[in-house]
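Reading through the structure tokens given below for one structure.
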Amino acid sequence: MGCQEELLVEKVCELYEKISSLESLKPSKDVNMLFTQLVLTCMPPSPIDVTKLCKKVQDIRSKLIRLCGEAEGLLESHFSAILGSYENPLDHLNLFPYYSNYIKLSLLEFTILSQHCTHVPSRVAFVGSGPLPLTSIVLASYHLTTTSFIIMTLTHQPIPRLFAWFHPILTFQTACFSTPPI
1101 MGCQEELLVE
1111 KVCELYEKIS
1121 SLESLKPSKD
1131 VNMLFTQLVL
1141 TCMPPSPIDV
1151 TKLCKKVQDI
1161 RSKLIRLCGE
1171 AEGLLESHFS
1181 AILGSYENPL
1191 DHLNLFPYYS
1201 NYIKLSLLEF
1211 TILSQHCTHV
1221 PSRVAFVGSG
1231 PLPLTSIVLA
1241 SYHLTTTSFI
1251 IMTLTHQPIP
1261 RLFAWFHPIL
1271 TFQTACFSTP
1281 PI
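Numbering (the numbering used here), first residue to last: 1101 to 1282.
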């Protein structure tokens, strides 16, 4: 591994140490700053083959991925509550800091789906959507406007509050599991 790659691994490990030592991963100045640093650190392309990293670094990487997932869920819960406080939350989706990413991702997903389906699906299920199912919302709002969406989550997060304002516009169903379905 070259010097640049070693510096990258070192920086990511340092950020992991800081992130893992936080009392909470709920949105805050420190949480936002550390995850922004992580994203900016990891954005440039790198030739690192993660399968060739030492076990310690691979373990840190795995733990960091879990922390990122947890923080993302907390960020979605936070913005779910904010959006749910508006009379028409659909008009305020751009308050979510990564909303533009979901617009791009949903277009990509719709394009791929269109290449493999001869007709618009009548129903789509999303498993593990979390408390702010933006991919489903964007697909239903812009691309699959006649499709019924079934949203499934593994937690009892504030999804019902959010779906209360979708229901008149879109056909959403929720299914919550306290443990993963078999």
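Yeah, the Cβ is synthetic: ideal placement off N, Cα and C, and Gly gets one too. Model, not experiment: these values are computed from the prediction.
CB contact flag (alanine 1224, tyrosine 1202, <7 Å): Mapped onto the sequence shown, residue 1224 falls at position 124. Mapped onto the sequence shown, residue 1202 falls at position 102. The residue you asked about is not alanine; residue 1224 is valine in the sequence shown. No, the Cβ-Cβ distance between valine 1224 and tyrosine 1202 is not below 7 Å.
Beta-carbon spacing of leucine 1125, leucine 1164 below 7 Å: Within the sequence shown, numbered from 1, the residue matching residue 1125 stands at position 25. Within the sequence shown, numbered from 1, the residue matching residue 1164 stands at position 64. No, the pair does not count as a contact, with Cβ atoms beyond the cut-off.
Per DSSP, cross-strand counterpart(s) of isoleucine 1182: Numbered from its first residue, the sequence shown carries residue 1182 at position 82. DSSP lists no partner for isoleucine 1182.
Reduced DSSP category for glutamate 1114 - H, G, I as helix; E, B as strand; rest coil: Position 14 of the sequence shown, counting from 1, holds the residue named residue 1114. Note: glutamate 1114 maps to helix in three-state DSSP.
Straight-line Cα distance separating cysteine 1168 from leucine 1140: As a position in the sequence shown, residue 1140 is number 40, starting the count at 1. As a position in the sequence shown, residue 1168 is number 68, starting the count at 1. When rounded, the distance between both Cα atoms is 14 Å.
Option in Leu1232, Asp1149 and Thr1151 with minimal Cα separation from proline 1189: In the sequence shown, the residue the question calls residue 1189 occupies position 89. Ranking Leu1232, Asp1149 and Thr1151 by Cα distance to proline 1189 puts Leu1232 first.
Beta strand (DSSP E) segments (min. 3 residues) lying fully within the segment 1139–1192: none
Given 8 Å, three or more beta-carbon pairs between the segment 1239–1247 and the segment 1201–1215: yes
Same chain, Cβ closer than 8 Å to valine 1220, neighbours up to 5 away in sequence not counted: Your numbering for residue 1220 matches position 120 in the sequence shown. Around valine 1220: Leu1244, Thr1246 and Thr1247.
DSSP-derived helix/strand/coil call for serine 1248: For this step, residue 1248 is matched to residue 148 along the sequence shown. Strand, per DSSP.
7 Å Cβ cutoff met for cysteine 1113 and isoleucine 1160: Taking the first residue of the sequence shown as 1, we reach residue 1113 at position 13. Taking the first residue of the sequence shown as 1, we reach residue 1160 at position 60. Closer than 7 Å, so yes.
First and last residue of the uninterrupted beta strand (DSSP E) at valine 1227: The sequence position of residue 1227 within the sequence shown is 127, counting from 1. Run containing valine 1227: 1223–1227, per the beta strand (DSSP E) assignment.
Within 7 Å, strictly: CB atoms of glycine 1230 and glutamate 1187: In the sequence shown, the residue the question calls residue 1230 occupies position 130. In the sequence shown, the residue the question calls residue 1187 occupies position 87. Not in contact: glycine 1230 and glutamate 1187 (Cβ atoms no closer than 7 Å).
Cα-Cα separation between leucine 1193 and leucine 1108, rounded to whole angstroms: Working through the sequence shown from its first residue, we reach residue 1193 at position 93. Working through the sequence shown from its first residue, we reach residue 1108 at position 8. Straight-line Cα distance between these residues: approximately 34 Å.
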